[in-house]
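Numbering-wise, the sequence shown is residues 1 to 393 according to this note's numbering.
Okay, structure first, notes after.
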Amino acid sequence: MTSRFAFSRRAAIALGGALVLAGSPALAQETVKIGLILPMTGPSASTGRQVEAAAKLYIAEKGATVAGKKIELIVKDDTGTPDVTRRIAQELLVNDKVSVLAGFGLTPLAFAAAPLATQSKTPMVVMAAATSSITEQSPYIVRTSFTLPQVTIGIADWASKNGVKKAMSLVTDYGPGIDAEKTFKERLTAAGGEVIGEVRVPLRNPDFAPFLQRVSDAKPDALFVFVPSGFGSQFMKQFVERGLDKSGVRLIATGDVTDDDQVDSMGDVALGTVTSHHYSANHNSPENKAFVAAFTKAANMRPNFMAMGGWDGMNLIYEALKKTNGSTDGTALLEAMKGMSWTSPRGPISIDPKTRDIVQNVYVRKVERVDGQLYNVEFSTFEAVADPVKAAK
């Protein structure tokens with residue numbers, strides 16, 4: 001039986017041949033092509049829209065030329081389907097001869113492309129997907145988004161210090177959700193708390209109502225929640241329909257639930273929700289104020305954490321090209337990315353040279369009304385947080 005990451009022998013030969021032919025001319029090419037693979041349609045389309053808008057804004061602001069090379073962004077819709085992601089990645093490498101693969105809106109999509117990045121020795125910049133183990137799938141993967149364990153520790157620690165003794169968790173049943181569930185439980189129980197129930201909801205076509213009924217029946221002090229970007233509004237709607245907003249169960253979460261792209265439309269029910277995450281559109285820094293103003297004008301929507309992953313992913317690629325003097329040799333680009341650090345609109349960030357994962361601040365936030373709109377307002381900071389799963393190894 002072939003593995004789910006295997007691709008045909010014919011495709012492997014074609015890919016290998018294309019790389020041999022492209023080897024030295026690639027160093028001299030005048031155009032650097034970046035293949036941006038995103039879910040532009042389907043349930044995760046909001047992720048695709050945010051990342052694409054940020055990547056295009058970066059090019060518009062910084063210019064389409066770097067280190068003497070013209071930048072060409074090739075955007076492809078994988079519909080959120082791993083088999084499509086793998087096919088598109090293969091076509092971008094063989095036919096378009098891209099120098100960098102980027103995007104990847106969900107963990108299964110990043111997993112699907114990882115073997116191709118390894119075989120072709122092509123840097124793969126993960127701008128969205130957040131399971132801890134993604135960077136371990138290929139030595140050519142670098143991440144500019146976040147990991148769920150990284151952003152979960154903040155809300156778990158806040159909960160233990162703010163009267164949460166018994167909690168339940170509700171997460172989407174795939175890699176990041178399982179990461180979040182495990183991290184929350186470990187941190188809360190280590191502080192003397194207890195997780196009295198763990199609920200996992202299907203990724204495809206989720207209906208939160210029956211799971212929320214279990215929470216209502218159990219009556220925990222708090223409910224910890226993770227859902228993918230774009231699903232927060234649906235969750236909040238069903239949370240209210242089940243009467244949990246008036247039940248005394250405190251809602252705590254990672255920032256996906258109160259997604260900046262959706263939180264204002266959730267209405268007053270979202271007020272007071274405490275989350276931890278690595279970015280808020282309300283983050284108070286000159287860099288972020290400039291970014292939010294430019295993004296809102298260009299895209300006609302508020303940026304969220306997915307946009308941040310796209311913006312910083314493009315910065316990583318640009319700065320790596322500067323360090324290689326425009327060389328598109330995959331290994332040279334990868335080495336240039338390792339250890340890089342800069343001030344992002346989200347705050348100071350760096351790429352861990354050993355894990356190729358992002359190190360960044362994590363903020364504890366509360367939904368508040370600011371100038372008539374709902375925002376995630378930061379009130380506490382965990383500085384320079386690395387992925388705790390890798391740090392523990």
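For each residue, glycine too, the CB sits at the ideal point set by N, CA and C.
Bear in mind the structure is a predicted one, so any value in this text is a computation, not a measurement.
- Contact annotation: the segment 170–189 does not touch the segment 367–386, with fewer than three C-beta pairs closer than 8 Å.
- With a threshold of 16 other beta carbon atoms within 10 Å, Gly372 falls short and is exposed.
- The closest CA to that of Phe104, considering only Gly48, Tyr140 and Val66, is found on Gly48.
- Pairing Val100 with Ser133, the inter-Cα distance amounts to about 20 Å.
- In the structure shown, the three-state DSSP call for Arg187 is helix.
- Per the coordinates, the alpha-carbon of Val367 lies some 5 Å from the alpha-carbon of Leu271.
- Here His278 is near Gln360, since their CB atoms are less than 7 Å apart.
- By the neighbour-count criterion, in which 16 or more other beta carbons inside 10 Å mark a residue as buried, Ser285 falls on the exposed side.
- In the DSSP annotation of this structure, the continuous segment of the beta strand (DSSP E) that includes Tyr375 starts and ends at Gln373 to Val385.
- For Asp77, the enclosing beta strand (DSSP E) covers residues Lys69 to Asp77.
- Within the segment 232–294, the complete beta strand (DSSP E) runs of at least 3 residues fall at 250–254 and 274–277.
- The straight-line gap separating the alpha-carbon atoms of Gly313 and Phe305 is approximately 12 Å.
- By the neighbour-count criterion, in which 16 or more other beta carbons inside 10 Å mark a residue as buried, Val227 falls on the buried side.
- CA-CA distance, Arg86 to Ala299, rounds to 28 Å.
- Under DSSP, the beta-bridge partners assigned to Lys166 are Glu194.
- For Val215, the enclosing alpha helix (DSSP H) starts and ends at Ala209 to Ala218.
- With fewer than 16 other Cβ atoms from the protein chains shown falling within 10 Å of its own Cβ, Ala209 counts as exposed.
- Taking all protein chains shown into account, Ser247 has fewer than 16 neighbouring C-beta atoms within 10 Å of its C-beta and is therefore exposed.
- When beta bridges are read from the DSSP output, Tyr363 appears opposite His277 and Thr381.
- Residue pairing by DSSP places Glu368 opposite Tyr375 in a beta bridge.
- In the three-state DSSP reduction, Arg49 falls in the helix class (H, G or I).
- Counting the other CB atoms within 10 Å of its CB gives Val274 a total of 16 or more, which places it among the buried residues.
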